[in-house]
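*Asks:*
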Amino acid sequence: MFTKKRRLTKKEIEEVKDKGSLLGTPFFSLLYFKPKGDGLTLSKFAFVLSKKVSKKAIERNRTKRILAGSVRSLIKEIQEGYLVLFLVKKRAIGENKQVILETIADVFLRIGLLKNEEDNANPD
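3 is the number of the first residue of the sequence shown in the working numbering; add one for each residue after it.
#1: Let me make sure I understand the geometry here. Which of Lys13, Lys12, Pro37 has the alpha-carbon closest to that of Ser23?
#2: For Phe35, which of Leu44, Lys21, Ser75 has the nearest alpha-carbon?
#3: Does the Cβ-Cβ distance between Leu2 and Val50 come in under 8 angstroms?
#4: Closest to Leu44 by CA distance: which of Arg8, Gln100, Arg74 is it?
#5: According to DSSP, which residues form a beta bridge with Tyr34?
#6: Report the three-state DSSP secondary structure of Leu116 (helix, strand or coil).
#7: Quick one, which of Lys12, Ile102, Lys53 has its alpha-carbon nearest Lys46's?
#8: According to DSSP, which residues form a beta bridge with Arg9?
#9: Answer yes or no: do Val109 and Leu32 have a C-beta to C-beta separation smaller than 8 angstroms?
#10: Using the DSSP secondary-structure output, state which residues sit across from Ile80 in a beta bridge.
#11: Give me the Cβ distance between Leu115 and Ile80, rounded to the nearest whole Å; I'm assuming they're in contact under 8 angstroms.
#12: Excluding the five sequence neighbours on either side, which residues of its own chain have a C-beta within less than 6 angstroms of the C-beta of Glu104, listed in chain order?
#13: By DSSP, does Glu2 sit in helix, in strand, or in coil?
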């Protein structure tokens, strides 16, 4: 679980749904948005798993913990000021932690959310 200042509010979730860009993976769809001139100092995250994904709360909560832990391990490399919403798919239930971490890192790199993206592109 993230600290309260790192979690999206209901209002921010609606804003991301309305204005955000969508990127899909086999495990989740990612909606992300960078507000302009909002003065947002931290990137914020939310994870949505419906009962359609899994009827068992244990599985849904475990999957959320795995996703949150993966994002938390990358937090020092993430650029600030983004609102990120994970819409989790059924395939993510029971998936290996390492596979999910690699998928999240790859997606964050593709959308330019990682700080050291320039370092990876130009290995001078």
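Just so you know, even glycine gets a beta-carbon here, dropped at the ideal spot from N, CA and C.
For clarity, every value in this text was computed on a predicted model and none was experimentally measured.
*Replies:* Straight from the coordinates:
#1: That would be Pro37, whose Cα lies nearest to the Cα of Ser23.
#2: Residue Lys21 is the option with its Cα nearest to Phe35.
#3: Residue 2 lies beyond the stretch modelled for the chain, which goes from 3 to 126, so this question has no answer here.
#4: Checking every option, the nearest Cα to that of Leu44 belongs to Arg8.
#5: DSSP, once it has assigned bridges, lists Ser23, Val86 as partnering Tyr34.
#6: DSSP, read as helix, strand or coil, puts Leu116 in strand.
#7: The shortest C-alpha separation from Lys46 is found at Lys12.
#8: Looking at the DSSP assignment, Arg9 forms a beta bridge with Phe47.
#9: Going by C-beta atoms, Val109 is nearer than 8 angstroms to Leu32.
#10: For Ile80, the beta-bridge partners assigned by DSSP are Leu116.
#11: 6 angstroms between Cβ atoms; contact.
#12: Within the same chain, Glu104 has no close Cβ partners at all.
#13: This structure leaves residue 2 out entirely; the chain is present only between 3 and 126.
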